[in-house]
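Visitor: Input: one structure, supplied below.
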């Protein structure tokens, strides 16, 4: 299991039904439509699978867990009650979608793809890996930093009844449940054109939802705390590198000097990871797969997309009295603000989350 790829495991993708040919190009539109229709044709009802003693026992157990997680998401987390995750699809490949990320050589600003209902996204998804690689090659020829990553799950934002995919079953029970919470979160609140807001919100729903699922005794949290701690430390390394690169790209350097400084930043990231892996992690190599690729600006994008505003949403959850209905409503209100005001409000929430508690009165 490559836990490095977990960082990009849930990126939402608005598919064929929400697009028009003139926006993404007729060929891309047809590709998405065909891919989505193929996926929908593979669906079968989960309750039928769970009740069928002829089916694989572990598949039945895990799909029963999905139904329990879905019920918990609706009743406790106040997430949408629709046909999503009542169906299962074995798609016969390792990933459902391959996402292409790209940035300029000396910038961490994503090259976006824009759609009528979803707005501009920081990536473009393909059902076919070869098509994703073709797009990546075209972007590299233009001088961009490019990264292609497989995606086990995505959300159609309620346009279809999203199925549990065979690609979602590769990880632990906790990760499977968290994926359901994350993707249903996208259906609850989605802000057109703000990928970082959407992913950070859904990430918080995933994390807090899992805490409450564990606390309710639905599954054991064995190993989950260590996994979350290590993921947090990995994210911290990447975010620190992003900040360092932002500083480098703001300097009045020649292209040659900037490339040298950029290479040094990525070398330092690898060294810091190796020190963490061989020290505090006692040699755990779950993230070696992520570091085995050629690191560049685009490789770092999904990490920042997921985690930038998670502390802000945590603070908002506390301000909402830990009431999920009030929290989702507050997030929707944030989403209705214009981009500048929304980021300002999120920054204020982030600062309040980082501030120490007031000292007790003597």
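In this note's numbering, the protein residues as written are 497 to 858. Glycine included, each C-beta is placed from N, C-alpha and C at the ideal position.
1) If you reduce the DSSP assignment to three classes, tell me which class residue 539 lands in.
2) Can you tell me whether DSSP reads residue 578 as helix, strand or coil?
3) Suppose contacts are defined by Cβ-Cβ distances below 8 Å. Is residue 660 in contact with residue 591 by that definition?
4) As a quick exercise: from 524, 788 and 835, pick the residue whose alpha carbon is nearest that of residue 765.
5) If you drop the 5 nearest sequence neighbours on each side, which residues of the same chain put their C-beta closer than 8 Å to that of residue 806?
6) Taking 8 Å as the threshold (C-beta atoms), are residue 797 and residue 618 in contact?
7) Where in the segment 622–694 do unbroken runs of the beta strand (DSSP E), each at least 3 residues long, occur, reported from the N-terminal end onward?
8) Closest by CA to residue 567, which one among 558, 605 and 581?
9) Cβ atoms of residue 545 and residue 538: under 8 Å apart, would you say?
10) Go through its chain and collect everything with a Cβ distance to residue 586's Cβ below 6 Å, but skip five positions before and after it.
11) So for residue 553, helix, strand or coil by DSSP?
12) Taking the beta carbon of residue 517 as the centre, do at least 16 other beta carbons fall within 10 Å, making it buried, or is it exposed?
13) Could you compute how far the alpha carbon of residue 503 sits from the alpha carbon of residue 666?
14) Please list, in chain order, all residues of the same chain as residue 717 whose beta carbon is under 6 Å from its beta carbon, the five residues on each side excluded.
15) Distance, Cα to Cα, residue 742 vs residue 575?
16) What is the residue span of the beta strand (DSSP E) that residue 599 lies within?
17) From the DSSP output, read off the bridge partner residues of residue 769.
18) Within 8 Å, do at least three Cβ pairs link the segment 769–776 to the segment 828–843?
19) Please list, in chain order, all residues of the same chain as residue 794 whose beta carbon is under 6 Å from its beta carbon, the five residues on each side excluded.
20) Short of 6 Å in beta carbon distance, which residues of its chain neighbour residue 594, apart from the five on each side in sequence? Order them along the chain.
21) Do residue 664 and residue 653 come within 8 Å of each other at the CB atom, strictly closer than that value?
22) Excluding the five sequence neighbours on either side, which residues of its own chain have a C-beta within less than 8 Å of the C-beta of residue 631, listed in chain order?
23) Going by beta carbon distance, what residues of the same chain come within less than 6 Å of residue 693, once the five residues before and after it are set aside?
24) Take residue 740 as the anchor and find which of 530, 725, 603 and 550 has the nearest alpha-carbon.
25) Measuring only the C-alpha atoms, how far is residue 691 from residue 569?
26) Beta carbon of residue 859, beta carbon of residue 649: below 8 Å?
27) Can you list, in chain order, the residues of its chain whose CB lies under 6 Å from that of residue 565, leaving out five sequence neighbours each side?
28) Alpha carbon to alpha carbon, how far is residue 543 from residue 529?
29) Am I right that residue 820 and residue 559 are in contact with their C-beta atoms under 8 Å? What's the rounded C-beta distance?
30) Could you name the residues that DSSP lists as bridge partners for residue 609?
31) To the nearest angstrom, how far is it from the Cα of residue 705 to the Cα of residue 656?
32) Does residue 583 come out as helix, strand or coil in the three-state DSSP assignment?
33) What residue range does the alpha helix (DSSP H) around residue 848 cover?
34) What residue from 832, 750, 815 and 670 has the CA that sits closest to residue 685's CA?
35) What's the gap between the Cα of residue 651 and the Cα of residue 552?
36) Can the beta-carbon of residue 810 be found less than 8 Å from the beta-carbon of residue 826?
Guide: By the coordinates alone:
1) Counted from its first residue, the chain shown places residue 539 at position 43. If DSSP states are grouped into helix, strand and coil, residue 539 belongs with the strands.
2) The sequence position of residue 578 within the chain shown is 82, counting from 1. Coil.
3) Residue 660 sits at position 164 when you count from the first residue of the chain shown. Residue 591 sits at position 95 when you count from the first residue of the chain shown. Cβ distance not < 8 Å, so residue 660 and residue 591 don't count as in contact.
4) Position 269 of the chain shown, counted from the first residue, corresponds to residue 765. If we check each option's Cα against that of residue 765, 788 comes out closest.
5) Translated into positions along the chain shown, residue 806 becomes position 310. Apart from the 5 residues on each side of it in sequence, residue 806 sits with its Cβ closer than 8 Å to the Cβ of 696, 699, 700 and 703 in its chain, given in chain order.
6) As a working mapping, residue 618 is identified with position 122 in the chain shown. As a working mapping, residue 797 is identified with position 301 in the chain shown. Yes. Within cutoff.
7) 641–647
8) Within the chain shown, the letter at position 71 stands for residue 567. Per the Cα distances, 581.
9) By one-based count along the chain shown, residue 538 stands at place 42. By one-based count along the chain shown, residue 545 stands at place 49. Contact: no.
10) For this step, residue 586 is matched to residue 90 along the chain shown. Contacts found: 662.
11) Mapped onto the chain shown, residue 553 falls at position 57. Residue state, collapsed to three classes: helix.
12) Within the chain shown, residue 517 is the residue found at index 21, counting from 1. Here the model assigns residue 517 a pLDDT of 36, short of 50, so the residue's position is not dependable and the matter cannot be decided.
13) Stepping through the chain shown from its first residue, residue 503 is reached at position 7. Stepping through the chain shown from its first residue, residue 666 is reached at position 170. The predicted position of residue 503 is uncertain, since its pLDDT is 40 and thus under 50; no value can be drawn from it.
14) Locating residue 717 in the chain shown gives position 221, counting from the first residue. Taken in chain order, the residues that qualify are 710.
15) Working through the chain shown from its first residue, we reach residue 742 at position 246. Working through the chain shown from its first residue, we reach residue 575 at position 79. Approximately 37 Å between the Cα atoms of the pair.
16) Indexing the chain shown from 1 puts residue 599 at position 103. 593–599 is the span of the beta strand (DSSP E), which, as asked, contains residue 599.
17) Counted from its first residue, the chain shown places residue 769 at position 273. Bridge partners of residue 769: none, in fact.
18) no
19) As a working mapping, residue 794 is identified with position 298 in the chain shown. Here the set comprises 597, 598, 599, 641, 642 and 643.
20) Here residue 594 is taken as the residue at index 98 of the chain shown, counted from 1. Only 622, 625, 628, 644 and 646 meet the Cβ criterion.
21) As a position in the chain shown, residue 653 is number 157, starting the count at 1. As a position in the chain shown, residue 664 is number 168, starting the count at 1. Taking 8 Å as the cut-off, the Cβ atoms of residue 653 and residue 664 do not count as close.
22) Along the chain shown, read from residue 1 onward, the residue named residue 631 stands at position 135. Around residue 631: 596, 620 and 622.
23) One-based indexing of the chain shown puts residue 693 at position 197. 687.
24) In the chain shown, residue 740 corresponds to position 244, counting from 1. Closest by alpha carbon: 603.
25) To locate residue 691, count along the chain shown from 1; it is residue 195. To locate residue 569, count along the chain shown from 1; it is residue 73. Near 22 Å, if we compare the C-alpha coordinates of residue 569 and residue 691.
26) No information on residue 859 is available, as it lies outside the stretch 497 to 858 that the chain covers here.
27) If you number the chain shown from 1, residue 565 lands on position 69. 673 and 676.
28) Against the chain shown, residue 543 aligns to sequence position 47. Against the chain shown, residue 529 aligns to sequence position 33. Going from the Cα of residue 543 to the Cα of residue 529 covers about 27 Å.
29) Numbered from its first residue, the chain shown carries residue 820 at position 324. Numbered from its first residue, the chain shown carries residue 559 at position 63. About 25 Å; that fails the 8 Å criterion.
30) The count along the chain shown starts at 1 and reaches residue 609 at position 113. Answer is 617, bridged to residue 609.
31) Position 209 of the chain shown, counted from the start, is the residue given in the question as residue 705. Position 160 of the chain shown, counted from the start, is the residue given in the question as residue 656. Roughly 23 Å between the two C-alpha positions.
32) The residue you call residue 583 lines up with position 87 of the chain shown. Correct three-state label for residue 583: strand.
33) On the chain shown, position 352 is the one that residue 848 refers to. 835–850 is the extent of the alpha helix (DSSP H) around residue 848.
34) Indexing the chain shown from 1 puts residue 685 at position 189. Among 832, 750, 815 and 670, the Cα nearest to that of residue 685 belongs to 832.
35) The residue you call residue 651 lines up with position 155 of the chain shown. The residue you call residue 552 lines up with position 56 of the chain shown. The straight-line gap from Cα to Cα measures roughly 26 Å.
36) Translated into positions along the chain shown, residue 810 becomes position 314. Translated into positions along the chain shown, residue 826 becomes position 330. Their beta carbons are not under 8 Å apart, which means residue 810 does not touch residue 826 by this criterion.
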